[in-house]
Amino acid sequence: MKNNYKMKKTSYNQTCSDIKIANMNYYFNVDYYSFIIKNKKIKLSDLTPKENEPQDVFEIGKRNNMITSYKFSNINPPKRDYTQKIILTIDYPGLLMGIGNNHEIRIDKEINLGFTFDYVTGLPYLPGSSLKGIISSAFKNFPDFIIEQLHDNEIVNSLNDKDDLVKRIKEAIFGSDNDLPGSDVFMDSFVVSNDKQLLKLDHLAPHYGDDKLLEMGNINILTMLRVAPETKIKFEFILKDSELEILDKCYKITVAEKLKLFEQIIKEFGVGAKTNVGYGYFKGEEVNG
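When we follow the working numbering, the leftmost residue of the sequence shown carries the number 933, and every step to the right adds one.
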């Protein structure tokens, strides 16, 4: 059936076709809602659901299309010749980053959840602090996995108490509770796939356990961005060999061993949000020591 609805004319002239995306971080967090500010002359924080007009929904839809059709054709992440690198390919369904950030003014069809873009380059990225936390948590929560990955190193036989051994290895890499600094640095991780539409829309329907809401069809659908499958991510580190003295004997964990260990942790446990439902996993490898 043909839609006879006519778009209400407004006093502003800025449309999606007028906007060129120079930096995706700026576009997503500022320009995405710029038409609201210019047309209604109000603050975003003052917008209410009653002001949710059809033309606003239409404009949001166009902006969503701009984001998902945008090609990152000139990807220039920071070049660091002094780092060790792991390049992995994102597996289906993709990678979620920064969805805990606020990005919502209650317009239908809007992207409700935030996303992590680099402030300078506009590229999707995983902060080094997040990567460090992911790898560090594997030492705490899965010590048997760490021992298994280091099975070729004689250090695994140095102590019968494997939990204590993994704790010592962790402190050598990340530092200790006594404020002793770790020896390794975890850099921000950037996408490196070029000339691709890297961003896709995805939807989440939280179930709050209210059966009456479900019966009425009142389900709150959240829209979010994900990095598309087959996109490559480069993880970078500044690593040093770590030496541990155990029972008067010195053991060494080399840079190559650390790099391989970190790769296995990333591939086994994933990165980003919603890894429990399949996001944030990888396939393939390209390790540079």
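C-beta atoms are modelled at their ideal positions from N, C-alpha and C, and glycine is treated no differently.
- No Cβ-Cβ contact shorter than 8 Å links F1167 with I1066.
- When secondary structure is reduced to three states using DSSP, K1215 falls in the strand class.
- For V1187, the enclosing alpha helix (DSSP H) has its first and last residue at 1187-1201.
- A1205 places its beta carbon less than 8 Å from that of I1031.
- Linking S1125 to I1165 through their CA atoms gives a straight-line distance of about 8 Å.
- Remark: three or more beta-carbon pairs, one from each stretch, lie closer than 8 Å, so the stretch 987-994 and the stretch 1034-1043 are flagged as touching.
- Taking a cut-off of 8 Å for Cβ pairs, the stretch 1017-1025 and the stretch 1079-1093 do not touch, as fewer than three such pairs fall below it.
- Setting aside the 5 residues that flank it on each side, I1197 is surrounded in the same chain by I1067, A1070, each with a C-beta closer than 6 Å to its C-beta; the list follows chain order.
- Excluding its 5 nearest sequence neighbours in each direction, F1118 has C-beta neighbours in its own chain below 7 Å: G1060, L1063, K1064, F1169, listed in chain order.
- Taking a C-beta distance under 8 Å as the contact criterion, R1158 and L1055 do not qualify as a contact pair.
- Following the DSSP letters along the chain, one finds S1121 inside the beta strand (DSSP E) bounded by residues 1121-1123.
- Around the beta carbon of Y959, 16 or more other beta carbons sit within 10 angstroms, so the residue counts as buried.
- Distance from the CA atom of G1114 to the CA atom of F1214, rounded to whole angstroms, is 27 Å.
- For V1088, no beta strand (DSSP E) segment is defined, and its DSSP state is neither H nor E.
- The continuous beta strand (DSSP E) containing I1019 extends over residues 1016-1022.
- For D1134, the enclosing beta strand (DSSP E) stretches over residues 1131-1136.
- With contacts defined as CB atoms closer than 8 Å, L1171 and L1191 qualify as a contacting pair.
- Considering only Y1014, N996, M998, D1050, the residue with the shortest C-alpha distance to N1008 is D1050.
- Considering only S1121, E1162, D1096, K1128, the residue with the shortest C-alpha distance to R1012 is S1121.
- Of all alpha-carbon atoms in V962, N997, Y1057, D1173, the one lying nearest the alpha-carbon of K1132 is that of N997.
- Relative to K994, the option among L1045, P1010, D963, K1017 whose CA is nearest is D963.
- K1166: member of the beta strand (DSSP E) spanning 1164-1170, first to last residue.
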